[in-house]
Amino acid sequence: MRKVLIANRGEIARRIIRTCRAEGVATVAVYSDADSELPFVKEADEAVHIGPPPVPHSYLNVEAIIRAAKDTGADAIHPGYGLLSENEAFARRVQEEGIVFIGPAPEVIGQMGDKLTARRIMQQAGVPVVPGGEDSVETVDEAADVAASIGYPVMLKASAGGGGIGMQICRDEASLRQAYQSLRGRAKAYFGNDAMYVEKYVERPRHIEVQIAGDQHGTVLHLLERECSIQRRHQKVLEESPSPFLDPETREQLCQSAVLAAKAVSYTGVGTVEFIVDESKQFYFLEMNTRLQVEHPVTEEMTGLDLVSMQLSIARGERLGVKQEEIKAQRHAIELRVYAEDPVSFLPSPGTISLYQPPAMEHVRIDDGVQSGTQVTPFYDPMIAKVIVSGATRDEAVERGIAAMQNFQIAGIKTNIPFLLEVLSDGRFRQGQYTTWFIQERAAQSNN
Amino acid sequence: MKHVAANMAGTVLNILVQPGDEVSAGQDVVVLESMKMEVPIQSEVAGKVSEVRANIGDFVNDGDILVIVE
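Those protein sequence lines, which keep their order, are chains A and B. Using the numbering used here, the letters of the first sequence correspond one by one to residues 1 to 448. Using the numbering used here, the letters of the second sequence correspond one by one to residues 1001 to 1070.
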């Protein structure tokens, strides 16, 4: 592997460039009209313009990306996260062009991208799944029957959905019937697939996921867990590792289930098995992400490993260079996602960043994609930086997070930094007592 | 006459009303999308829709008028 094209943008493109450079691998960036001045374009060894700002015309434009790879002689493509990273057809196309796709086999991406298939495979492998319909429901009456058999509350989900889009909690039959029609219509419009299913809704859950890595020689390792329960609109805001909720025994069971899940699909590459964990520490498979995730630096700062380096080495066909017993939590790490958004309403706040000065502090890692003068456009995700702090203890990491947020200067657009500071200072967060309802419950309390 | 305006810059994802429709206060009339986030826009007042000034796929700025309710 001599030259990697990065089919992505912003902070993750820079992140991948960093490891490639350290390993002597050349990089090619691709960029839309909106991004020509961003740091990742300048930092890559080469950069190719691929189209106008809207993603279907640039970052999702498979032909333009393949052409860029061919024209620059890239022998591998790293898809980053989001965009084309979990697109089975893209992965297959890359391979057909004789280019290495840095990720798992296309079939695995397809299997895990369909929630019902994923659920069936995991159930067969002995990984606990949320009680619910084994098959998609075809009619609203069928949905109501399944809900009645497992008991309310239930979660109604679009099979092809994700990231909080296409799911709704239903607490009784009337709300299920109402949600069914609108969700089905939206699933068809959004994903071109209106398969729906019903599963038990886990009350006050925690979202805990396990990072895994599998090589082409059949070895699968877990890199411990990340807790990602602090979410707004089902989108993560803060992640940490180790989880303050797990005891050693549950942690071991959870991590072993993730390894089982990865082995069930002969997973190659780095990936994540997401679980929901209820108040009694019962855990259930939620989904598998067949890519590098936004929150991967939490695991890196906690274990001292470089996940992009692992991806490159797996893609080259090498064996994983680390043993399970060597992977340990060396520090407590927390990732804070800095979004261009109103800190109270969480509404997007695009605009021009007039001043951008991240904190320079020990054990504070900044993975960002912008600089002073950058225009934050409405075309892409609102995340502008990730601040990853770590400490010998959780308290130390939290204190460091507060200091980092206080010393992060961004002007010209609104950001959620004031909100992140509130979370870090919150008594229940400090005690590690929070669920995926944390943000909503906080908002409800402050309105009273 | 009351204007329903965009509260952020983004793309019009869906328009839920047409001229002549009766809307109630708080009813969703337009769905905007910005930065991968869907944001429904509500009419603050009850009344009859007299004009829809946006089309699906349009790019709108914060403050742009989307719907007029009489």
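Note that CB positions come from ideal geometry on N, CA and C, so glycine has one too.
Would you mind telling me which residues of chain B sit closer than 7 Å to residue i, beta carbon to beta carbon, in chain order?
i	result
D381/A	M1035, K1036
L347/A	N1007, M1008, V1039
P56/A	None at all; the shortest Cβ gap to chain B is about 12 Å.
Among the options, which one has its Cα closest to the Cα of residue i?
i	options	result
P205/A	R394/A, Q211/A, H234/A, V344/A	H234/A
D33/A	A444/A, T377/A, E134/A	T377/A
G161/A	E287/A, A261/A, E142/A	E287/A
F429/A	A385/A, E240/A, R365/A	E240/A
D395/A	N193/A, P242/A, G192/A, I230/A	P242/A
F283/A	G304/A, Q256/A, T290/A, R291/A	Q256/A
E96/A	V62/A, R15/A, M155/A	V62/A
A397/A	E341/A, I439/A, V338/A, M302/A	M302/A
N1055/B	K1002/B, A1046/B, V1039/B, I1065/B	I1065/B
V387/A	F379/A, E362/A, T374/A	E362/A
P343/A	P79/A, N416/A, A22/A	N416/A
L1013/B	M1037/B, N1061/B, G1057/B	G1057/B
G103/A	V55/A, R9/A, G401/A, S313/A	S313/A
T1011/B	V30/A, R120/A, Y380/A	Y380/A
R337/A	I327/A, I366/A, A360/A	I366/A
P153/A	I276/A, V198/A, Q324/A, D194/A	V198/A
F275/A	I334/A, I109/A, V202/A, R331/A	V202/A
S159/A	P54/A, A179/A, V146/A, G113/A	G113/A
D45/A	R67/A, R21/A, P54/A	R21/A
M1008/B	E1070/B, I1068/B, N1061/B, S1043/B	N1061/B
K125/A	A262/A, G269/A, E252/A	The sequence given here has Ala at residue 125/A, not Lys. The option with the nearest alpha carbon to A125/A is A262/A.
L260/A	Q371/A, P53/A, E249/A, Q123/A	Q123/A
G214/A	S345/A, E88/A, L320/A, P52/A	L320/A
S182/A	M1001/B, L1016/B, H1003/B, V1004/B	L1016/B
T268/A	Q216/A, S229/A, R15/A	Q216/A
A68/A	I50/A, P79/A, L83/A, H57/A	I50/A
L292/A	V308/A, D278/A, E279/A	V308/A
H332/A	R184/A, L254/A, T393/A	T393/A
Just confirm the distance between the C-beta atoms of residue i and residue j, as a whole number of angstroms; I'd bet it's less than 8 Å.
i	j	result
R177/A	A144/A	7 Å
I12/A	Y81/A	6 Å
P128/A	F285/A	6 Å
I410/A	S349/A	No, I410/A and S349/A are not in contact; Cβ-Cβ is about 11 Å, not under 8 Å.
G271/A	P39/A	About 28 Å; that fails the 8 Å criterion.
I150/A	K200/A	5 Å
V108/A	T290/A	6 Å
S1050/B	P1019/B	6 Å
Would you say residue i faces chain A, with C-beta separation under 8 Å as the test?
i	result
M1001/B	no
Would you say residue i reaches chain B, if we count a Cβ-Cβ gap shorter than 8 Å as a contact?
i	result
P378/A	yes
P79/A	no
P343/A	no
P131/A	no
P458/A	Only positions 1 to 448 of chain A appear in this structure, which leaves residue 458/A out of reach.
P418/A	no
P350/A	yes
Closer than 8 Å by beta-carbon distance: list the chain B residues that pair up with residue i, in chain order.
i	result
P52/A	None at all; the shortest Cβ gap to chain B is about 12 Å.
Would the C-beta of residue i count as close to the ligand MG, meaning under 7 Å from any of its heavy atoms?
i	result
G98/A	Summarising the ligand content, the structure contains no ligands, and the ligand MG is consequently not present.
Within the 8 Å Cβ cut-off, does residue i reach chain E?
i	result
P79/A	Structure shown: chain E not included; protein chains present are A and B.
Query - Those runs of the alpha helix (DSSP H) which lie wholly inside the segment 170–215 of chain A and span at least 4 residues - result: 173–191
Query raised in the report: Considering only residues of the segment 97–174 of chain A, which uninterrupted beta strand (DSSP E) runs meet the minimum length of 3 residues and lie entirely inside it, listed in chain order?
Result: 154–162, 165–170
Query raised in the report: At what residue ranges does the segment 212–283 of chain A contain a whole run of the beta strand (DSSP E), taking only runs of 3 or more?
Result: 220–232, 235–241, 269–277
Query raised in the report: What are the uninterrupted segments assigned as alpha helix (DSSP H) that are 4 or more residues long and contained completely in the segment 324–357 of chain A, given in chain order?
Result: none
Report task. Identify every run of the alpha helix (DSSP H) within the segment 40–88 of chain A, keeping only runs that are complete inside it and at least 4 residues long; order them along the chain. Result -> 62–72
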